[in-house]
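Before any comments, here is the structure.
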Amino acid sequence: MKLEKEKHDKREKKKIKLSSKDREKEPNGKHKPSSKVKQSDSPSAVSSSAVKCEAGDGDMHEDVKADPSERAQHDGHEKSGSLEINNNIEKNNNKQKTQSKSSKERHNRKEKSEQTADVKPVDGDSNQADEGQGCESEATRKQETDEPQAAAPVKIKKKKVKDEKSPDDKNQPSGKKRKKQSPEHDKAEKSKNIERDEDDKKKKKAKKEDKKDQESDKWKWWEEGKLSDTQKWSSLEHKGPYFAPEYEPLPDNVCFCYDGQPVKLSPATEEIASFYAKMLDHEYTTKEVFQNNFFSDWKEEMTPKESELIQTLSKCDFSQIHKYFVEKSEERKNMTKEEKQVLKDEASRLTEEYGYCLLDGHREKIGNFKLEPPGLFRGRGEHPKMGKLKKRIQPEDVAINCSENSKIPEPPAGHRWKRVQHDNTVTWLASWLENIHGRPKYIMLNPSSKLKGEKDWQKYETARRLKMRVNSIRKQYRRDWKSREMKIRQRGVAIYFIDKLALRAGNEKDDESADTVGCCSLRVEHISLHRRLDGQEYVVEFDFLGKDSIRYYNKVPVEKQVFKNLKLFIKYKDPEDDLFDRITTINLNKTLNESMSGLTAKVFRTYNASTTLQDQLNKLTTEDMTVEEKILSYNRANRAVAILCNHQRAAPKTFEKSMQLLQEKIQKKKEQIEEAKKELKEAKKAHKDAPSDKSKKLLEKKEKAVQRLSEQLKKLQLQETDREENKVIALGTSKLNYLDPRITVAWCKKHQVPIEKIYNKTQRDKFAWAIDMTDENFQF
DNA sequence: GGTTGCACTTAGCATTTGCGTA
DNA sequence: TACGCAAATGCTAAGTGCAACC
Numbered sequence: 001m002k003l004e005k006e007k008h009d010k011r012e013k014k015k016i017k018l019s020s021k022d023r024e025k026e027p028n029g030k031h032k033p034s035s036k037v038k039q040s041d042s043p044s045a046v047s048s049s050a051v052k053c054e055a056g057d058g059d060m061h062e063d064v065k066a067d068p069s070e071r072a073q074h075d076g077h078e079k080s081g082s083l084e085i086n087n088n089i090e091k092n093n094n095k096q097k098t099q100s101k102s103s104k105e106r107h108n109r110k111e112k113s114e115q116t117a118d119v120k121p122v123d124g125d126s127n128q129a130d131e132g133q134g135c136e137s138e139a140t141r142k143q144e145t146d147e148p149q150a151a152a153p154v155k156i157k158k159k160k161v162k163d164e165k166s167p168d169d170k171n172q173p174s175g176k177k178r179k180k181q182s183p184e185h186d187k188a189e190k191s192k193n194i195e196r197d198e199d200d201k202k203k204k205k206a207k208k209e210d211k212k213d214q215e216s217d218k219w220k221w222w223e224e225g226k227l228s229d230t231q232k233w234s235s236l237e238h239k240g241p242y243f244a245p246e247y248e249p250l251p252d253n254v255c256f257c258y259d260g261q262p263v264k265l266s267p268a269t270e271e272i273a274s275f276y277a278k279m280l281d282h283e284y285t286t287k288e289v290f291q292n293n294f295f296s297d298w299k300e301e302m303t304p305k306e307s308e309l310i311q312t313l314s315k316c317d318f319s320q321i322h323k324y325f326v327e328k329s330e331e332r333k334n335m336t337k338e339e340k341q342v343l344k345d346e347a348s349r350l351t352e353e354y355g356y357c358l359l360d361g362h363r364e365k366i367g368n369f370k371l372e373p374p375g376l377f378r379g380r381g382e383h384p385k386m387g388k389l390k391k392r393i394q395p396e397d398v399a400i401n402c403s404e405n406s407k408i409p410e411p412p413a414g415h416r417w418k419r420v421q422h423d424n425t426v427t428w429l430a431s432w433l434e435n436i437h438g439r440p441k442y443i444m445l446n447p448s449s450k451l452k453g454e455k456d457w458q459k460y461e462t463a464r465r466l467k468m469r470v471n472s473i474r475k476q477y478r479r480d481w482k483s484r485e486m487k488i489r490q491r492g493v494a495i496y497f498i499d500k501l502a503l504r505a506g507n508e509k510d511d512e513s514a515d516t517v518g519c520c521s522l523r524v525e526h527i528s529l530h531r532r533l534d535g536q537e538y539v540v541e542f543d544f545l546g547k548d549s550i551r552y553y554n555k556v557p558v559e560k561q562v563f564k565n566l567k568l569f570i571k572y573k574d575p576e577d578d579l580f581d582r583i584t585t586i587n588l589n590k591t592l593n594e595s596m597s598g599l600t601a602k603v604f605r606t607y608n609a610s611t612t613l614q615d616q617l618n619k620l621t622t623e624d625m626t627v628e629e630k631i632l633s634y635n636r637a638n639r640a641v642a643i644l645c646n647h648q649r650a651a652p653k654t655f656e657k658s659m660q661l662l663q664e665k666i667q668k669k670k671e672q673i674e675e676a677k678k679e680l681k682e683a684k685k686a687h688k689d690a691p692s693d694k695s696k697k698l699l700e701k702k703e704k705a706v707q708r709l710s711e712q713l714k715k716l717q718l719q720e721t722d723r724e725e726n727k728v729i730a731l732g733t734s735k736l737n738y739l740d741p742r743i744t745v746a747w748c749k750k751h752q753v754p755i756e757k758i759y760n761k762t763q764r765d766k767f768a769w770a771i772d773m774t775d776e777n778f779q780f
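Just so we're aligned, residue 1 is where the first sequence starts under UniProt numbering, counting upward by one.
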């Protein structure tokens, strides 16, 4: 009861903070009509809620909350029955849920909700023994025979050699087209060429050796033992973070204008103005919340004189500043190769100096060694803090973590660190508090590092352990659906959703963030119940904004008991009430941990994603396929996971155009094939009429041409299918975070697909442990 | 048992790089 | 060689979950 009250109070607090005016607005700032507000404002609406369900077990009103035309159907999804991804992401992701309620009404609602509780404790949970822990070592550890990284450096080398030509050489026509020169000139040219070739060879050799060194230097931490769960390192040394460059004031000819008059701003005020000016092209600056947050934070940084003068944002003219930055960006784009190379060299130097640390004697790459520069906060979705000023991080804000006996990083001249600590139970190198939410941020290692890799490996091992326990866990949550205790029923249904739909846990959120939810924080307004829908029984329609304000829309047939429970959970509740008001992620995870050590809601996502990949790969791959077809199968399996996990992306801006180009290419190829076939027919006839060696050769040539063109066509068509199917689906997130890489490596080895066709360089670095240790027999 | 802070993973968008093609 | 595009990489927001504390 107390828990429910607290949940309610929290929500209440949040609602008060977020003005109803803001909440009822569409992302574009326009007010949208809100029937839901009306409904909940009326006292008679108390039990009617946005969730429509039948009265009793009889016929049901089949109500769909949003315009069905807005929802793209996506069928054929095995796991959830019918997962639907909305193609119109931009539109739908920004869709805001209308919510408004007076606190008095909310209080009444809480009391009503209390009436629904059965509080007879039933001991339904069974503790189950743990299984093996930690990272299992693979039975077979095979050395990687391919050199997946070879391709890219060779190409770079080629280009470099080309670039190193003297200016004279650059202008010389090459090869056969060269004009005849004098013998002296030829001789000089020849010796030049020899020189160049030798130089080339030397460089190639050096590079090869470098690479060899790097390979042999590569730390195979997975072949060593782990320190302990708490101790993360024995020694850690680094250079500290790299600070963002100081602000460069605008040239005198670039003016900020207020009320039509040019105003020279102080450097601090001007810097913040430049943050806004840079974003003028972006939709953010059209949003009222963004504008208000920016303006109030900006005002705080102004001098008293500036603050007195600048009273309204609408009178501020940033256009000159905006133009200046656009021009600067153009200039950068139009730099010569040499100028670009200077910048590139400087960046490499920085990475070399700050981008690596020494961890237990091994050189490890740092993930983010550059401190975040100041700017304006860009939240995702309808974030109440968008537009606020992200302040410049000073050395005095930064805590350093390294070993006691190491060389302590030097703070910038005239400054000192916030503190220097030597805590080997954490993995971060530096940390600071960001000023928007007051939360800590960290500088940590790259995913290719031991610390990250080990944790990743462990994650997949936990998911594999779940595979062994999942049947008994499923039996248990089915039993819980019939518990006499409301809390246990809710928990049973929540775990069912987490398992079946790969929903996130849904922790309680602080008051000042976008209104997004996960499983445990679902509200009544996020589901609609349909006794029958599209020929299926007991359908739950989900519609809510999840992490990053990505819309989750799905119509799922569920078991009858789940459906009945959901009806019970929403009884006497209003749209904004919690669907699972008796549980939190903490007690849900506690229950899961009792079933299996290390089990949390998150593990189900990893487990279901990896299982789906393995099943789909088995189903979609056959031996007679070409490598291209196998890759398409892999992408399809990957896509099934991305759909399950609801990993969406905005369609690429150039999507339509590039598809059109591809289609034109396909058409052209088809025409070429037709032409080639005609020629083949003629060659056949010629050979039949007057057989000779020449005619035979010609015939063979034409046959090969048709075959080659047909293969090219097939490749293009596969590309077209793949691209179309990937339009709004992001494959990368699941590949990097949810799919046990050993499944991929085993599949590549079994089906002779080069690993670099599936994993790029970064991914191969991250999954080096899996690539090294996995053979083709690996089973998740 | 709940709250809070901290440490870490997961996530999509923005920017840069480099490849294929005209 | 320049250009346009897709892929790769970088950036940082937004989640999860644990442990200390009350």
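Using N, Cα and C, we set each Cβ at its ideal position, and we do this for glycine too. All of these numbers come straight from a predicted model, not from anything done at the bench.
Around the beta carbon of Lys555, 16 or more other beta carbons lie within 10 angstroms, which makes this residue buried. Among the bridge pairs identified by DSSP, Glu541 is matched with Ser528, Lys555. If you ignore the 5 residues before and after Lys665, its C-beta comes within less than 8 Å of the C-beta of Leu716, all in its own chain and listed in chain order. The residues Leu699, in chain order, have a CB closer than 7 Å to that of Lys684 in the same chain once the five nearest residues on each side in sequence are set aside. Note that the segment 303-317 does not touch the segment 413-421; fewer than 3 beta-carbon pairs, one per stretch, sit closer than 8 Å. From the listed residues Leu620, Arg708, Met659, the smallest Cα separation to Ala640 is found for Leu620. Below 8 Å, too few C-beta pairs join the segment 404-417 and the segment 246-265 to call them touching: fewer than three. Of the other Cβ atoms in all chains shown, 16 or more fall within 10 Å of the Cβ of Leu445; this residue is therefore buried.
Counting along the chain, Arg363 sits inside the beta strand (DSSP E) bounded by residues 362-365. Taking the C-beta atoms as reference points, Met386 is found nearer than 8 Å to Val289. Each residue's CA atom was taken as its position, placing Ser610 and Arg489 some 28 Å apart.
Take the alpha-carbon of Ser228 and the one of Leu451: they are about 12 Å apart. About 7 Å separates the beta carbons of Leu632 and Thr721, which is inside the 8 Å limit, making them a contact pair.
The alpha-carbon separation between Ile366 and Leu466 amounts to approximately 32 Å. For Phe243, the three-state secondary structure derived from DSSP is coil. With a minimum length of 4 residues, the unbroken runs of alpha helix (DSSP H) contained wholly in the segment 435-482 fall at 450-480.
Looking at the DSSP output, Val263 sits in a beta bridge with Phe256. At a Cβ-Cβ threshold of 8 Å, Arg649 and Ala514 do not count as neighbours. Rounded to the nearest whole angstrom, the CA to CA distance from Ser597 to Met468 is 12 Å. Taking a contact to require three or more Cβ pairs closer than 8 Å, the segment 287-306 and the segment 333-346 do not qualify as touching. Beta-carbon to beta-carbon, Ala730 and Ala642 are separated by about 6 Å, close enough to satisfy the 8 Å threshold. Judged by DSSP in its simplified three-state form, Tyr634 adopts helix. Pairing Glu372 with Lys657, the inter-Cα distance amounts to about 35 Å. Between Thr585 and Gly506, the alpha-carbon positions lie close to 7 Å from each other. Proximity of the segment 568-580 to the segment 517-527 meets the contact definition, three or more beta-carbon pairs being nearer than 8 Å. Annotated three-state conformation of Trp417 is coil, per DSSP. Counting only runs that start and end inside the segment 708-754, the alpha helix (DSSP H) elements of at least 4 residues fall at 732-737, 741-750. Excluding five sequence positions before and after Leu662, the CB atoms of its chain that fall closer than 8 Å to its own CB belong to Leu716, Gln719, Glu720, Arg723, given in chain order. Spanning the alpha carbons of Glu246 and Val728 requires a straight line of approximately 39 Å. Note that the C-beta distance between Pro447 and Lys766 is below 8 Å.
According to DSSP, Gly375 shares a beta bridge with Lys390. Secondary structure at Asn401: strand, using DSSP grouped into helix, strand and coil. The beta carbons of Leu739 and Leu613 sit about 5 Å from each other, so the pair counts as a contact at 8 Å. Between Leu529 and Lys573, the alpha-carbon positions lie close to 14 Å from each other. A straight line joining the alpha-carbon of Asn593 with that of Cys520 spans about 17 Å.
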